[in-house]
Each structure stands twice: as structure tokens, then as C-alpha cells.
Amino acid sequence: MSEEFKIEIVNPDKSYLEREDVSEVVVPAFEGEMGFLKEHISIISFLKPGIIKIISKSGNENYYVEDGIVEFKNNNLSILTSSIFKVDDIGKSKQQELLKQAEEEANKPEISDQSKYLADQKIEILKTLN
């Protein structure tokens, strides 16, 4: 019996990634890191800034995501996000640009507690890349 399931990641521009040979996915949910294996219970959750880890026959991949919604149902994992980058493709300059934007956002005097938390999460994750 196969232990694989399907993943689809969609951003506003296109269907970003689609695979049917995934054996495990770990996402940065607000509740903490959430792992998915075949036959996981149905769930919908929100993503916080972090790394999506995909383990499949095609190889392991990591993606930086800033926000989104994750849904697992009937062995299909759907991730909707407005901002996603493959970790291996983020160059030093893009990383520094994203880090600068997050730091500027975090230092705004009128920032809400929730926005400050999210900006701090982005900063922490971006500093660990590379």
C-alpha cells in the first residue's frame, strides 16, 4: 500500500507546485509545526512565517512562506499563500531584501501586536536561511 499523498501549493500568480508522490510535509502553523502523513485527519489551519518541508520520491524540498491557509482532506494537502520562495533559490540579496522589509515593518511605531509578532517571525526565519 502506498504511503503517498498529493500536495498543491497555489499563490496569486499560478499553481506554484503540484506533486502526487509526497510522503510527508511539515508546515509552520500558528499552533506550531504541523506534520502531515497519508490518512491525516481533515484539518484547516493558518500558516505563519516559516519553512514548509516536503519529503517525496522526487527529493526533499524546503520553501519559505510568509502566510497562508493549509487544508488537508482526503489525502490532498492544499496550501494557499500570497508569498512563497524555494529556499534553494533565495539568493543572498533577496534574503537581505526580505529581511530589511520585515525589520522596517517590525519597527513601525503604530504596529499592532499581531503584526509585530508576524514581522518578528519573518526576521527570525530569514536570519536562519543560508
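Using the working numbering, read the sequence shown as starting at 114 and increasing by one per residue. Each residue gets a CB set at the ideal place from its N, CA and C atoms; glycine is no exception.
Helix, strand or coil: how does DSSP classify residue i here?
i, result
"K161", "coil"
"K207", "helix"
"I122", "strand"
"D180", "coil"
"E133", "strand"
"I154", "coil"
"E116", "coil"
"S225", "coil"
"K235", "helix"
Buried or exposed: where does residue i fall if 16 or more other Cβ atoms within 10 Å of its Cβ makes it buried?
i, result
"I238", "buried"
"M114", "Residue confidence is low: M114 scores 49 on pLDDT, short of 50, so the model does not pin down where it sits. Its coordinate-derived value is still stated next. Label assigned to M114: exposed."
"Q227", "exposed"
"F118", "buried"
"E179", "buried"
"I236", "buried"
Considering only the alpha carbon of each residue, which of the options lies closest to residue i?
i, options, result
"S195", "L160, F149, R132 and D233", "L160"
"K207", "K240, S225, D233 and I182", "K240"
"V200", "E116, L211 and S228", "L211"
"G172", "A142, E133, E152 and V178", "E133"
Looking at residue i: is its Cβ nearer than 8 Å to the Cβ of residue j?
i, j, result
"K186", "S136", "no"
"K166", "V138", "yes"
"A219", "D202", "no"
"N188", "E152", "yes"
"L242", "Y177", "yes"
"I157", "I182", "yes"
Step through the CB atoms of chain D and report whether any lies within less than 8 Å of the CB of residue i.
i, result
"S128", "No chain D appears in the structure shown, which is made up of a single protein chain."
Since residue i sits in a beta bridge, which residues does DSSP pair it with?
i, result
"V200", "V200 is not bridged to any residue."
"K218", "According to the sequence as given, residue 218 is Glu; it is not Lys. Answer by DSSP bridge pairing: none, since E218 is not bridged."
"G145", "A142"
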